[in-house]
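Down below is the structure, laid out as structure tokens.
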Amino acid sequence: MDHTLLNYPNEVAHRICEAQLQLLSQPHDAFLTELMLLAGLPSLFAQLQQAQCVAASALAKIEDEMLPHHATEEKVLFAAVLLGVRNDAEREQVQSLTLQLAAEHRNVEQLWARVAPGLRALAEVPVVQIDEALLTRLLRDYSRHVLLEESEFLPLARNILADSPSGLPTPTTSNLLRPRSETTALPGDQHEQVL
């Protein structure tokens, strides 16, 4: 089947060609948006590293100091105060308070036991290095590419294809959206190696 615009009246062929050019230029904004989001990764990684430091610090402080502190309070302080009570009223008050405080210690320790694994996992995430300069270059170079394509090449393509009897392939856009490796390479097509 012949998929050229020769099979269509001129006005229809022109509209098809224009629609296909629009289809080819529409994704540029989405691509640029993704690249701009990528450019923000270094600051997000800095926040991740700060979160890792907070998690590691909390793990050390709570496990090395807070949990042993609870045990010391209960074994030493609570016992000493209970031994030093002067009357039955104080004994009841001290017993009530120490039971409540010990129960609160257990509650905090149980909650900690549930929180700690997530903090350990966060603290142990390998640090990833992102080349911020390379990301900036990628965004800059692609922005320039889009500007050149949309400001110069696509208007030229519209002008040339409007006068061409064959134009672009017809509305089957699968061949337009397929990577170049699956279609024919452009003349002078080279893959620039990023240094």
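For reference, each letter of the sequence shown is one residue, going 1383 to 1577 in the numbering used here. Every residue, glycine too, gets a C-beta built ideally from N, C-alpha and C.
Item, Value
"Spatial neighbours of Arg1473 within its chain, please: C-beta separation below 8 Å, excluding the five flanking residues on both sides.", "Leu1464 and Val1467"
"Which value, in whole angstroms, describes the spacing of the CA atoms of Met1418 and Asp1545?", "37 Å"
"Nearest to Gln1475 by CA position, among Glu1486, His1487 and Phe1460, is which residue?", "Phe1460"
"Helix, strand or coil for Asp1523, going by three-state DSSP, please let me know.", "helix"
"Pick out whichever of Glu1400, Phe1427, Pro1409 and Leu1441 has its Cα sitting closest to the Cα of Trp1494.", "Leu1441"
"Can you check which of these residues, Gln1511, Val1507, Glu1455 and Asn1541, is closest to Glu1486 by C-alpha distance?", "Glu1455"
"Kindly confirm or deny that the region 1431 to 1449 and the region 1498 to 1509 touch, where touching means at least three C-beta pairs closer than 8 Å.", "yes"
"Report the rounded CA-to-CA distance for Leu1517 versus Ala1421, giving the unit in angstroms.", "6 Å"
"When you compare the CB positions of Leu1536 and Leu1414, do they come within less than 7 Å of one another, or not?", "no"
"Helix, strand or coil for Val1458 per DSSP?", "helix"
"What is the DSSP secondary structure of Pro1561, reduced to helix, strand or coil?", "Caution is warranted here: a pLDDT of 45 is assigned to Pro1561, below 50, making its placement in the model unreliable, and no coordinate value can be reported."
"Note down, in chain order, each residue of its chain lying with its Cβ closer than 8 Å to the Cβ of Ala1484, except the 5 sequence neighbours on either side.", "Glu1456 and Phe1460"
"If the criterion is Cβ atoms closer than 7 Å, does the pair His1451 and Val1528 meet it?", "no"
"Whole angstroms is fine: what's the gap from Glu1534's alpha carbon to Ala1428's?", "39 Å"
"Give the secondary structure of Gly1500 by DSSP, where H, G and I count as helix, E and B as strand, and everything else as coil.", "helix"
"To the nearest angstrom, how far is the alpha carbon of Ile1512 from that of Ala1433?", "17 Å"
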